[in-house]
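Participant: Questions regarding the structure given below will be posed in turn.
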Amino acid sequence: MSKLLPFLMFALAAAMVFLVMTRRPLLRGFSGESFISTGRPPLVVSPASGLHAVGGGVTDISPATASGTASARVWYALYAPSGNGQPTTDGRRLSVILAEAGDQWQWPHDVSSGLHEVRVDTIELGGMPGKVATFTLPADRDPWASVWHEAAPVQGQAGDTLVYRFTFLPDMRRTKLVIEYREPVDSIQKELPVIEDVPALVAFARRAAEAFTLERPQQGKGPDVQTKLSTAHASLERRLLAKSLGELERRHGEQR
């Protein structure tokens, strides 16, 4: 045993050095234009060329549950073609929403928006399985409507929005990552209602897929957060945000 002691001490010291070198504080924010999370798993969402960060924040919401409400914390980043706050005719918008459930809660497998969805499918990005769906978002059910109007208004836009939503449930469903690409319905709709226009929906889905990249770097090896997220926009409709993210359920084995 005495001969093994130096080896065991060396192994313990090496393990401690490894933990110190690889462990990073849990942060969410920006590195340049990219949204960064150092949580589990680490995530990097980067906008495509031509889209720029126009805002971000963190807030608490109260999603519904089977017996009442629970708590979740939401970090978000918003992207648009222009960041000067002036109206633009380019209606492309991208939002990254990371929602972490409170203790004892998790996000269910059902990630539907609660709206009429079309072209629902599964996907894998950055090694993470997820789901995609397209839906029309009425202005009165859009938690971000006023935020977008302040941060990156679309010239003449006051109607509904076409949304392509990517949803992922990492960290054993304790976290929900939602990435939404949107354009004004009026800018897409021609003769047919846009939700029935298959060629238009296919082209829209292609633009959504090209609007960002999602990476999952190894723990401790992703970019550092340069700008931490602070308070949310005052105009953000938290009740509508909670509704759009869906209900929470208790983790398996947790008691009421």
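Residue 1 is where the sequence shown starts when you use the UniProt record's numbering, and the numbers rise one by one after that. Think of the CB as a built atom: it goes at the ideal place given N, C-alpha and C, for glycine as much as any other residue. Keep in mind that this is a model prediction, so the values were computed, not measured.
1. Residue 30 and residue 227 look like a contact to me (Cβ under 8 Å); what is the Cβ gap, rounded to whole Å?
2. Which same chain residues end up closer than 7 Å to residue 216 when comparing Cβ atoms and leaving out the 5 residues on each side of it in sequence?
3. Count the other CB atoms within 10 Å of the CB of residue 245; is the residue buried (16 or more) or exposed (fewer)?
4. Answer yes if the region 91-100 comes into contact with the region 205-216, meaning at least three C-beta pairs across the two stretches below 8 Å, and no otherwise.
5. Excluding five sequence neighbours on each side, which residues of the same chain lie with their C-beta closer than 8 Å to the C-beta of residue 231?
6. Please work out which residues of its chain come closer than 6 Å, Cβ to Cβ, to residue 90, disregarding the five sequence neighbours upstream and downstream, and give them in chain order.
7. Can you tell me whether DSSP reads residue 187 as helix, strand or coil?
8. What is the DSSP secondary structure of residue 148, counted as helix, strand or coil?
9. Based on the DSSP secondary-structure assignment, which residues constitute the bridge partners of residue 60?
10. Express the C-alpha separation of residue 38 and residue 221 in angstroms, rounding to a whole number.
11. Which of helix, strand or coil does DSSP assign to residue 237?
12. What's the C-alpha gap between residue 17 and residue 45?
13. Please look up how many angstroms separate the CB atoms of residue 153 and residue 236, rounded, as I've assumed it's under 8 Å.
14. Measuring alpha carbon to alpha carbon, tell me which of 61, 70 and 53 ends up nearest residue 249.
15. Opposite residue 215 in the DSSP bridges: which residues?
16. Could you tell me the distance, in whole angstroms, from the CA atom of residue 122 to the CA atom of residue 225?
17. Would you mind reading off the limits of the beta strand (DSSP E) that contains residue 137?
18. By DSSP, does residue 221 sit in helix, in strand, or in coil?
19. Can residue 105 and residue 176 be called in contact, C-beta distance under 8 Å?
20. Out of curiosity, what's the CA-to-CA distance linking residue 22 and residue 103?
21. Rounded to the nearest angstrom, what separates residue 87 and residue 141 at their Cα positions?
22. Any idea if residue 118 is buried or exposed, counting beta-carbon neighbours within 10 angstroms, 16 or more meaning buried?
Facilitator: In short:
1. Between residue 30 and residue 227 a beta carbon distance of about 4 Å is seen, short of the 8 Å cut, so the two are scored as contacting.
2. So the qualifying residues of the chain are 41, 42, 43, 126, 127 and 128.
3. Burial call: buried.
4. By the Cβ rule, the region 205-216 counts as touching the region 91-100, because three or more pairs are nearer than 8 Å.
5. Short of 8 Å from the beta carbon of residue 231, and not among the five residues preceding or following it, lie these beta carbons of its own chain, in chain order: 57, 58 and 59.
6. Taken in chain order, the residues that qualify are 81.
7. Assigned with DSSP and collapsed to three states, residue 187 falls in helix.
8. Of the three classes helix, strand and coil, the one that applies to residue 148 here is helix, per DSSP.
9. DSSP lists 73 as partners of residue 60.
10. If you take the alpha carbons of residue 221 and residue 38, they lie about 9 Å apart.
11. Residue 237: coil per DSSP, three-state reduction.
12. In this predicted model, residue 17 has a pLDDT of only 38, less than 50, meaning its place in the structure is not dependable enough to derive any value.
13. 16 Å between Cβ atoms; not a contact.
14. Nearest Cα to residue 249 within the set 61, 70 and 53: 70.
15. In the DSSP assignment, residue 215 is bridged to 44.
16. C-alpha of residue 122 to C-alpha of residue 225: approximately 30 Å in a straight line.
17. 128-137 is the span of the beta strand (DSSP E), which, as asked, contains residue 137.
18. Assigned with DSSP and collapsed to three states, residue 221 falls in coil, not helix or strand.
19. Inclusion of residue 105 and residue 176 in the CB contact set at 8 Å is not warranted, their separation being larger than that value.
20. Below a pLDDT of 50, predicted positions are generally treated as unreliable, and residue 22, at 42, falls in that range; the measurement from the model is reported next regardless. Using only the alpha carbons, I get a separation of about 25 Å.
21. Cα-Cα distance, rounded: 22 Å.
22. It counts as exposed.
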